[in-house]
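Residues in the sequence shown are numbered consecutively from 1, following full-length UniProt numbering.
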Amino acid sequence: MTSRTDLPLTDVACCAPLTRVPLTAADASALAQTLKAIADPTRLRLLSMVAAHEGGEACVCDLTEPLGLTQPTISHHLRVLVDAGLLTRDKRGVWAYFTLVPGALDSLAAVLSSQDPAVVTA
(Lines of atoms letter the chains of each structure in order from A and count residues from 1; the text may use other names and numbers.)
(Lines give C-alpha, C1' and ligand atoms only; values in the text may rest on other atoms or scores of the structure.)
Protein backbone atom coordinates (compact mmCIF):
# COMPACT_ATOMS: atom_id res chain seq x y z
CA MET A 1 0.00 0.00 0.00
CA THR A 2 1.29 3.44 -0.93
CA SER A 3 1.17 6.19 1.62
CA ARG A 4 0.55 9.79 0.69
CA THR A 5 4.20 10.61 1.35
CA ASP A 6 5.33 8.02 -1.21
CA LEU A 7 3.49 9.68 -4.10
CA PRO A 8 5.63 11.73 -6.47
CA LEU A 9 5.34 15.48 -6.19
CA THR A 10 4.01 17.36 -9.18
CA ASP A 11 6.65 19.29 -11.06
CA VAL A 12 5.37 22.85 -10.78
CA ALA A 13 7.35 23.89 -13.86
CA CYS A 14 5.24 21.59 -16.05
CA CYS A 15 1.97 23.26 -15.13
CA ALA A 16 0.92 26.26 -17.17
CA PRO A 17 0.19 29.30 -15.02
CA LEU A 18 -3.21 30.95 -15.13
CA THR A 19 -3.31 33.84 -17.55
CA ARG A 20 -6.30 35.48 -15.90
CA VAL A 21 -8.41 35.23 -12.80
CA PRO A 22 -10.93 32.38 -13.06
CA LEU A 23 -14.62 32.95 -12.36
CA THR A 24 -15.61 33.38 -8.76
CA ALA A 25 -18.34 31.17 -7.35
CA ALA A 26 -20.82 34.06 -7.56
CA ASP A 27 -19.86 34.89 -11.16
CA ALA A 28 -20.08 31.22 -12.16
CA SER A 29 -23.53 30.99 -10.58
CA ALA A 30 -24.74 34.11 -12.43
CA LEU A 31 -23.28 32.87 -15.71
CA ALA A 32 -24.88 29.45 -15.22
CA GLN A 33 -28.28 31.11 -14.75
CA THR A 34 -27.83 33.07 -17.98
CA LEU A 35 -26.72 29.99 -19.88
CA LYS A 36 -29.65 28.04 -18.45
CA ALA A 37 -32.00 30.74 -19.75
CA ILE A 38 -30.67 30.48 -23.30
CA ALA A 39 -30.28 26.70 -23.27
CA ASP A 40 -33.87 26.33 -24.46
CA PRO A 41 -34.40 26.35 -28.27
CA THR A 42 -37.60 28.40 -27.96
CA ARG A 43 -35.82 31.07 -25.94
CA LEU A 44 -32.95 31.19 -28.42
CA ARG A 45 -35.47 31.72 -31.21
CA LEU A 46 -37.20 34.43 -29.19
CA LEU A 47 -33.90 36.28 -28.68
CA SER A 48 -33.23 36.03 -32.39
CA MET A 49 -36.72 37.19 -33.32
CA VAL A 50 -36.66 40.18 -30.97
CA ALA A 51 -33.24 41.22 -32.27
CA ALA A 52 -34.38 40.84 -35.90
CA HIS A 53 -37.68 42.63 -35.40
CA GLU A 54 -38.09 46.13 -36.83
CA GLY A 55 -36.85 48.65 -34.28
CA GLY A 56 -35.27 45.88 -32.21
CA GLU A 57 -38.41 45.38 -30.16
CA ALA A 58 -41.29 42.96 -30.36
CA CYS A 59 -44.66 42.51 -28.72
CA VAL A 60 -45.80 39.12 -27.45
CA CYS A 61 -48.52 39.28 -30.09
CA ASP A 62 -45.80 39.42 -32.78
CA LEU A 63 -44.10 36.27 -31.48
CA THR A 64 -46.88 33.75 -30.89
CA GLU A 65 -47.81 32.94 -34.49
CA PRO A 66 -44.27 32.46 -35.89
CA LEU A 67 -43.43 30.06 -33.06
CA GLY A 68 -46.80 28.33 -33.06
CA LEU A 69 -47.06 28.62 -29.29
CA THR A 70 -49.71 30.11 -27.05
CA GLN A 71 -49.41 33.58 -25.56
CA PRO A 72 -48.94 32.26 -21.98
CA THR A 73 -46.10 30.00 -23.14
CA ILE A 74 -44.37 32.82 -25.01
CA SER A 75 -44.83 35.13 -22.01
CA HIS A 76 -43.26 32.53 -19.72
CA HIS A 77 -40.18 32.19 -21.94
CA LEU A 78 -39.87 35.97 -22.26
CA ARG A 79 -40.05 36.34 -18.47
CA VAL A 80 -37.16 33.88 -18.09
CA LEU A 81 -35.12 35.96 -20.55
CA VAL A 82 -35.99 39.18 -18.71
CA ASP A 83 -35.05 37.61 -15.36
CA ALA A 84 -31.72 36.51 -16.88
CA GLY A 85 -30.98 40.11 -17.86
CA LEU A 86 -31.09 39.47 -21.61
CA LEU A 87 -34.33 41.31 -22.44
CA THR A 88 -36.15 44.33 -21.06
CA ARG A 89 -39.92 44.60 -20.85
CA ASP A 90 -41.85 47.80 -21.48
CA LYS A 91 -45.57 47.71 -20.66
CA ARG A 92 -47.68 49.97 -22.91
CA GLY A 93 -51.34 49.71 -22.09
CA VAL A 94 -52.33 46.07 -22.43
CA TRP A 95 -49.27 45.18 -24.53
CA ALA A 96 -45.75 44.34 -23.40
CA TYR A 97 -42.81 45.09 -25.70
CA PHE A 98 -39.45 43.38 -25.37
CA THR A 99 -35.98 44.55 -26.43
CA LEU A 100 -32.51 43.09 -26.06
CA VAL A 101 -30.49 44.56 -23.21
CA PRO A 102 -27.71 46.53 -24.93
CA GLY A 103 -24.45 44.61 -24.65
CA ALA A 104 -25.90 41.62 -22.79
CA LEU A 105 -25.04 39.13 -25.53
CA ASP A 106 -21.68 40.82 -26.13
CA SER A 107 -20.84 40.46 -22.43
CA LEU A 108 -21.83 36.81 -22.53
CA ALA A 109 -19.68 36.22 -25.61
CA ALA A 110 -16.72 37.98 -23.96
CA VAL A 111 -16.91 35.77 -20.89
CA LEU A 112 -17.20 32.61 -22.97
CA SER A 113 -14.30 33.59 -25.22
CA SER A 114 -12.09 34.69 -22.29
CA GLN A 115 -11.72 38.20 -23.67
CA ASP A 116 -12.81 39.99 -20.52
CA PRO A 117 -13.03 37.98 -17.31
CA ALA A 118 -14.45 40.91 -15.35
CA VAL A 119 -17.65 41.06 -17.40
CA VAL A 120 -20.36 38.69 -16.22
CA THR A 121 -24.06 39.30 -16.74
CA ALA A 122 -26.23 38.72 -13.72
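Cβ atoms here follow ideal geometry from the backbone N, Cα and C, with glycine treated the same way.
Note that this is a predicted model, so its numbers are computed, not measured.
Counting along the chain, the unbroken alpha helix (DSSP H) around L108 starts and ends at 104 to 112.
Contact annotation: the segment 28 to 40 touches the segment 78 to 85, with at least three C-beta pairs closer than 8 Å. Taking the CA atoms as reference points, L69 sits about 14 Å from C59.
Distance check between D90 and each of A25, L108, G56, A104 places G56 closest, using alpha-carbon atoms only. Distances from the alpha-carbon of V80 to those of V21, L47, C15 put L47 closest.
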